[in-house]
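Below is one structure, written out as structure tokens; comments come after it.
In our numbering, the protein residues as written are 28 to 189.
Structure follows, in structure tokens:
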């Protein structure tokens, strides 16, 4: 059997192994921090997309696509994406912040927090953390939506009783 076919099979097997391991790790993280399952699904999709792109590039290299041609193609695609998404930097910033909140932020669902701001201080219970927004419910029953990139940048006081 041809070596390229064996290498391709190994690459595909590695992809499926990475997919299973990353799914389990994300599911554990969701359960451990009492997060919504939809958040976990969104993060899984992002990781799976990145993994499939890496495996596709690896398979192209295995089958002999010239490195310089592959680099030019990837550079061109990234340039077009960069130009197309420059106007959407806020959305990308919120998605990146959502991933940071998912993995590293101490605030969880149902925590009561105060966002410390010199102009407008907010206190409420975290009712939802999505890919773009953190939603707080105040004692008065109001719903406050905070973009993830703003949430990450603010000082937050967490009620320890939670």
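Heads up, the beta-carbon is just placed ideally off N, CA and C, and yes, glycines get one too.
As the structure is a prediction and not an experimental result, all values here were calculated from the model.
### Per-residue DSSP class, three states only, for residue 172
strand
### Query
Would you call residue 124 buried or exposed, if buried means 16 or more other Cβ atoms sit within 10 Å of its Cβ?
buried
#### Entry: Proximity of residue 141 and residue 149 at Cβ, strictly below 8 Å
yes
### Query
For the 8 Å Cβ check, are there 3 or more pairs between the stretch 36 to 54 and the stretch 72 to 87?
yes
### For residue 95 and residue 159, the rounded distance between their alpha carbons
37 Å
### Query
In or out: residue 130 buried (at least 16 other Cβ within 10 Å) or exposed?
exposed
### Query
Which residues mark the beginning and the end of the beta strand (DSSP E) in which residue 150 is found?
149 to 156
### Message
Please list the terminal residues of the continuous beta strand (DSSP E) segment that includes residue 184.
### Response
182 to 185
### Message
What does the alpha-carbon distance come out to for the pair residue 51 and residue 68?
### Response
11 Å
### Query
How many angstroms separate the CA atom of residue 35 from the CA atom of residue 107?
29 Å
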